[in-house]
Amino acid sequence: NQNMTITEMFLKGEGGNQVRIKLAKTGCMDEDPCATWTIAVLGLARFTAELLWPMNESFLFPEYLMECCQYLPLQQYVNQLSEFCDVNESSLKFMLGMAYLHFDEPEKAAQCFTEASKGVANEPFLREKIIQSDEVEVRQLEVSYYLKVLKQFEEFGAPDVVVSFAKTAISIADDDDPNVATLWSKVFKYELELEHNEEAYSAMIANPESSRRKDCLRQLLVTLSERGDLQSIVSFPYIDLEDEVVSILESRARSVDLTSQNYYDLLYAFHVNRTNWRKGIK
């Protein structure tokens, strides 16, 4: 119904269900079915007020606003609560970040998400609904949180923010955290997309998983070749990946049409740059 308020829609759905569940648990209607108006209605009013009261632990109403993509009312709701409400502060800040993101204000969104990170260990909404983890170690919870958040910025096309959050998560993570390789791959991907070639190369080298390093290396070589940035290809040191570089370039040389990209010339330049004349001539 277009004439219904958002609160009415909430109470017609999940909010009303929760109120009725609470009322049923009181057993007030079992003893005297005729007490509908004297007891039940008062109970409904009380439970509804508790459900909507922002100082309550319940977080259903703002969750409803976010799930229904009511970002303008959500933004107004959070801004009003910020003046007096100290319950679920981080969760509300997260929701404000979601609103800013949908209003195409990624910088403001990023600031909100960063501030919200302090509540990942103790606020049920962030832990159970966003991170969805039983982890108890705060550092790992924060890493998981930033992984969830940066995916939002991937969807909204903000590569610079993705890089920033990935680097933040890496700085928090333990050395043996399995998410570190994924995070470095994210940094590589979006630095390369931003044409930050040096930073992309550094992210590739820093990745602790050899299989991911090789995947990134292939993407680096193909992308720079397509952009015509041959100087970067031949000048990167590659450390222990030189043989892999040659293997990738040789494979591309055999499979790619010479009229679109001459990988043989690139191979020659690569070997000559390393004064490997014999391989260059070959």
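full-length UniProt numbering puts the first residue of the sequence shown at 1, with every later residue one more than the last.
The C-beta atom is built at its ideal place from N, Cα and C for all residues, glycine as well.
- With respect to the 8 Å criterion, S185 and R212 are classified as neighbours on the basis of their beta carbons.
- D104 counts as exposed, since fewer than 16 other C-beta atoms from the protein chains shown sit within 10 angstroms of its C-beta.
- Approximately 4 Å separates the beta-carbon atoms of Q75 and A99; this is inside 8 Å, confirming the contact.
- In the DSSP annotation of this structure, the continuous segment of the alpha helix (DSSP H) that includes S90 starts and ends at E89 to H102.
- Comparing C-alpha distances from E107 to each of Y71, V161, E115 and M55 shows the shortest one belongs to V161.
- Remark: C-beta atoms of V256 and Y263 approach each other more closely than 8 Å.
- Secondary structure at D177: coil, using DSSP grouped into helix, strand and coil.
- When secondary structure is reduced to three states using DSSP, M66 falls in the helix class.
- Taking the C-beta atoms as reference points, E14 is found nearer than 8 Å to L60.
- Sequence-distant Cβ neighbours of T26 in its own chain, meaning closer than 7 Å and more than five residues away, are G43.
- Leaving aside the five residues that flank K148 on each side, the residues in its chain whose CB is nearer than 7 Å to its CB run, in chain order, I130 and I131.
- Taken through DSSP and simplified to helix, strand or coil, Y238 comes out as coil.
- Rounded to the nearest angstrom, the Cβ distance from F94 to C112 is 7 Å, consistent with a contact under 8 Å.
- When rounded, the separation of the alpha-carbon atoms in V234 and R274 is 9 Å.
- Of the candidates K22, L72, S90 and R218, K22 places its Cα closest to the Cα of V41.
- The shortest C-alpha to C-alpha distance from K214 to any of L249, I6 and Q231 is the one to L249.
- Less than 8 Å divides the Cβ of Y190 from the Cβ of V163.
- Between L230 and L192 the beta-carbon gap is near 16 Å, outside 8 Å, which marks them as no contact.
- In terms of Cα proximity to M9, the closest of M55, S58 and P62 is P62.
- When only Cα atoms are considered, D177 and E142 end up about 12 Å apart.
- Apart from the 5 residues on each side of it in sequence, S58 sits with its Cβ closer than 6 Å to the Cβ of L51 in its chain, given in chain order.
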